[in-house]
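Numbering (the UniProt record's numbering), first residue to last: 1 to 291.
What follows is the structure in structure tokens.
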């Protein structure tokens with residue numbers, strides 16, 4: 001059993017803790033000055049204790065301050081514009097300095113030649129280079145993106161490639177974006193969706209892409225990329241940030257056309273099938289760059 005610490009001992013430890021934080025040097029102080037300083041610090045410590053703080057690191061307060069800073073950044077139009085520009089230029093630089101290999105595009109290009117679009121599905125972590133799957137001059141691509149400020153930074157690189165964007169509100173009615181997506185497909189534009197976004201679960205396909213593909217009567221098909229040199233962020237999706245002067249793979253796979261209406265069990269099986277297709281294609285990309 002550990003011995004209980006007396007209040008006086010705790011107070012003494014707190015005093016010396018504050019002294020360390022303040023960087024106080026004891027040696028030059030005389031006895032009277034030392035006693036005066038100790039008395040002052042003890043009063044200060046009591047006040048801090050009553051306030052619920054020991055003059056150390058208040059984690060909750062730091063998190064609150066950091067969140068306030070993030071919100072200020074998100075609401076600052078100049079900062080957001082700078083971040084968008086930097087992100088778009090950086091990805092363009094990565095694309096131009098990377099030796100790319102493309103796999104699985106024959107079937108997709110044949111569909112494009114026939115005027116048949118696809119719903120291209122990828123993981124949120126593999127979003128960065130998907131706008132660079134091909135040049136979109138002869139075939140339109142429309143992507144669905146969140147209205148959240150963080151997502152708008154990524155949207156900048158998409159718009160720089162001449163890709164259309166359908167914004168989705170983080171809460172509220174989603175019928176408007178759904179109708180816009182089906183309308184884009186009916187006009188011959190392919191549709192890009194991160195099927196596990198915007199907040200996960202990681203690498204598990206949700207039903208949105210399947211519903212849209214079923215209603216439009218087109219394929220829900222996987223797409224992905226991989227680079228040999230990259231950084232994985234410590235975010236919920238383990239977002240892949242590609243580095244320049246590397247070797248990379250851009251890939252599109254064949255998918256399936258889901259039924260227009262599905263039961264709960266059929267939807268679960270369709271989600272599982274789509275998850276497997278994207279996972280297999282991503283694994284193939286990773287294996288190719290590792291060779």
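Every residue gets a Cβ at the ideal spot worked out from N, C-alpha and C, and that includes glycine.
Query: Measure the alpha-carbon distance for residue 219 versus residue 68 and round it to whole angstroms.; Result: 43 Å
Query: Quick check on the DSSP output: the beta strand (DSSP E) that includes residue 235 runs from which residue to which?; Result: Residue 235 -> no beta strand (DSSP E), and no H or E assigned at all.
Query: Out of 145, 248, 106 and 205, state which residue places its alpha-carbon closest to the alpha-carbon of residue 129.; Result: 248
Query: Taking the alpha-carbon positions, what's the residue 255 to residue 240 distance?; Result: 24 Å
Query: Within a Cβ cutoff of 6 Å, which residues of the same chain sit near residue 197, ignoring the five residues on either side of it in sequence?; Result: 124
Query: Alpha carbon to alpha carbon, how far is residue 242 from residue 70? Give it in angstroms, no decimals.; Result: 24 Å
Query: Starting from the Cα of residue 270, find the closest Cα among 60, 163 and 195 and give me that residue.; Result: 195
Query: Which of helix, strand or coil does DSSP assign to residue 256?; Result: strand
Query: Name the residue from 168, 253, 121 and 101 whose alpha carbon lies nearest to the alpha carbon of residue 204.; Result: 121
Query: Is the separation between the beta-carbon of residue 132 and that of residue 250 shorter than 8 Å?; Result: yes
Query: What residue range is occupied by the uninterrupted alpha helix (DSSP H) comprising residue 82?; Result: 77-97
Query: Can the beta-carbon of residue 180 be found closer than 8 Å to that of residue 163?; Result: no
Query: Out of curiosity, what's the CA-to-CA distance linking residue 87 and residue 63?; Result: 26 Å
Query: Are residue 157 and residue 91 closer than 8 Å when you measure CB to CB?; Result: yes
Query: Which of helix, strand or coil does DSSP assign to residue 195?; Result: coil
Query: In terms of residues, what are the limits of the alpha helix (DSSP H) holding residue 173?; Result: Segment: none, residue 173 is in no alpha helix (DSSP H) and carries neither H nor E.
Query: From the DSSP output, read off the bridge partner residues of residue 248.; Result: 100 and 227
Query: Excluding the 5 residues flanking residue 281 on each side, which residues of the same chain have their C-beta closer than 6 Å to its C-beta?; Result: 222, 224, 251 and 253
Query: Between residue 279 and the rest of its own chain, which residues show a CB-CB distance below 8 Å, the 5 nearest in sequence each way excluded?; Result: 203
Query: Alpha carbon to alpha carbon, what distance is there between residue 119 and residue 215?; Result: 11 Å
Query: Is residue 111 helix, strand or coil by DSSP?; Result: helix
Query: What are the boundary residues of the alpha helix (DSSP H) that includes residue 281?; Result: 264-290
Query: Just verifying my parser: in three-state terms, what is the DSSP assignment at residue 292?; Result: This structure leaves residue 292 out entirely; the chain is present only between 1 and 291.
Query: When you compare only the Cα positions, how much space is there between residue 208 and residue 154?; Result: 20 Å
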